[in-house]
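Trainee:
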Amino acid sequence: MKKTKTIKLVSTAALAAMLCLGATACSNKESSHETTTQSSKQSSAEKRTDKVVGENKTKLKTVDIKVSQTEALNKFEQKFGKIQIKSIDLKPYGNSYVYEIDGFSKEQEHTAEIDAHTGKITHSHSEHLDLDDRHEKGIDLNGVISRQEASKIAEKHAHGTSKEWNLEEDNGKTYWDVKVSDGTKSHDVKIDAHSKQVVETEHDDDDD
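In mature numbering (1 follows the signal peptide of the UniProt record, and there is no 0), the protein residues as written are -25 to -1, 1 to 183.
Structure below.
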């Protein structure tokens, strides 16, 4: 009789221990799930914050663009004369923006960098044009949409803020290449500068 009672006591103790372990495991599982959820929420919040900060930084930089494309081209022509324009870049340089304009005459290629805030030419360079390049065509600026309009098209397409622009000729057509940032990723949007059609989009991680 005592033996049977001992076995029952042992069985009861074992069952209690199993229940305790099960409860502990469930508690640990719930705690782990709660920690993972909190971590996921925190990570999402940090990503949203980084996105807003990155986009605001881009907007602050673009506010510093005081010189229009036409004014920059006039500066370029004052330096080199009325020549064919090969490409026009407007891109960040430090905490400001700079125009980089490439052009060519019959025998020479010319490059100038123009501060987009002050309008001053900060660098210029000329060299002999390669024979292979003497038959290329310059940009057809007649009827080309403005940088502002290209920005609106690109931003609507890629959902972000425009931060870099390139206008150039390719196979007889003129295109705007606009880099749009949403704070975490960049999107390169290629737009036909006459028809306003988006012809290509590429995506990259934002390196700012």
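Even for Gly, the Cβ is constructed at its ideal location relative to N, Cα and C.
For Glu46, which residues of its own chain have a beta-carbon under 7 Å away from its beta-carbon, when the five flanking residues on both sides are left out?
Mentor: One-based indexing of the sequence shown puts residue 46 at position 71. Around Glu46: Gly94.
Trainee: Could you compute how far the alpha carbon of Gln44 sits from the alpha carbon of Ser80?
Mentor: Position 69 of the sequence shown, counted from the start, is the residue given in the question as residue 44. Position 105 of the sequence shown, counted from the start, is the residue given in the question as residue 80. When rounded, the distance between both Cα atoms is 20 Å.
Trainee: Is Asn49 helix, strand or coil when you go by DSSP?
Mentor: Here the question's residue 49 lines up with position 74 in the sequence shown. Three-state result, Asn49: helix.
Trainee: Please classify Asp163: does DSSP put it in a helix, a strand, or coil?
Mentor: What you label residue 163 is simply residue 188 of the sequence shown in a count that begins at 1. Correct three-state label for Asp163: strand.
Trainee: The beta strand (DSSP E) with Glu88 in it runs from where to where?
Mentor: Taking the first residue of the sequence shown as position 1, residue 88 is located at position 113. Residues 83 to 90.
Trainee: Out of Asp167, Gln59, Ala87, Glu124, state which residue places its alpha-carbon closest to the alpha-carbon of His110.
Mentor: Counting from 1 along the sequence shown, the entry for residue 110 is found at position 135. Nearest option by C-alpha distance: Gln59.
Trainee: Do Leu142 and Ser62 count as a contact pair if the criterion is CB distance below 9 Å?
Mentor: Here residue 62 refers to the residue found at position 87 of the sequence shown. Here residue 142 refers to the residue found at position 167 of the sequence shown. Yes, they are a contact pair.
Trainee: Does Asp90 pass the burial test, meaning 16 or more other C-beta atoms within 10 Å, or should it be called exposed?
Mentor: Taking the first residue of the sequence shown as position 1, residue 90 is located at position 115. Label assigned to Asp90: buried.
Trainee: Please report how far the alpha carbon of Gln83 lies from the alpha carbon of Tyr74, in whole angstroms.
Mentor: Counting from one through the sequence shown, the residue named residue 83 turns up at place 108. Counting from one through the sequence shown, the residue named residue 74 turns up at place 99. About 20 Å.
Trainee: Near Ile40, what residues of its chain come up, given a Cβ to Cβ distance below 8 Å and the 5 sequence neighbours on each side ignored?
Mentor: Your numbering for residue 40 matches position 65 in the sequence shown. Counting only Cβ-Cβ distances below 8 Å, and skipping sequence neighbours, we find Leu65, Tyr72, Ala91, His92.
Trainee: Looking at the secondary structure, which residues open and close the beta strand (DSSP E) in which Glu130 lies?
Mentor: Here residue 130 refers to the residue found at position 155 of the sequence shown. Careful: Glu130 lies outside any beta strand (DSSP E), inside the alpha helix (DSSP H) at 122 to 133.
Trainee: DSSP three-state call for Gln59: helix, strand or coil?
Mentor: Residue numbering aside, residue 59 sits at position 84 when the sequence shown is read from its first letter. Correct three-state label for Gln59: strand.
Trainee: Can you give the Cα-Cα distance for Val153 and Thr37, rounded to whole angstroms?
Mentor: To locate residue 153, count along the sequence shown from 1; it is residue 178. To locate residue 37, count along the sequence shown from 1; it is residue 62. The straight-line gap from Cα to Cα measures roughly 13 Å.
Trainee: For residue 185, does the three-state DSSP call read helix, strand or coil?
Mentor: Nothing about residue 185 can be read from this structure; the chain reaches only from -25 to 183.
Trainee: Classify Asp105 as helix, strand or coil using the three-state DSSP reduction.
Mentor: For the purposes of this step, residue 105 is identified with residue 130 of the sequence shown, where counting begins at 1. Residue state, collapsed to three classes: coil.
Trainee: In this structure, what does DSSP give as the bridge partners for Gly78?
Mentor: Walking along the sequence shown from the start, residue 78 turns up at place 103. For Gly78, which the question treats as bridged, DSSP gives the partners Ile60, His85.
Trainee: Considering Asn141, what are the terminal residues of the beta strand (DSSP E) in which it resides?
Mentor: Here residue 141 corresponds to residue number 166 of the sequence shown, with the count starting at 1. Residues 136 to 145.
Trainee: Starting from Asp152 and walking both ways along the beta strand (DSSP E), at which residues does that stretch end?
Mentor: Within the sequence shown, residue 152 is the residue found at index 177, counting from 1. Here the beta strand (DSSP E) through Asp152 covers 148 to 156.
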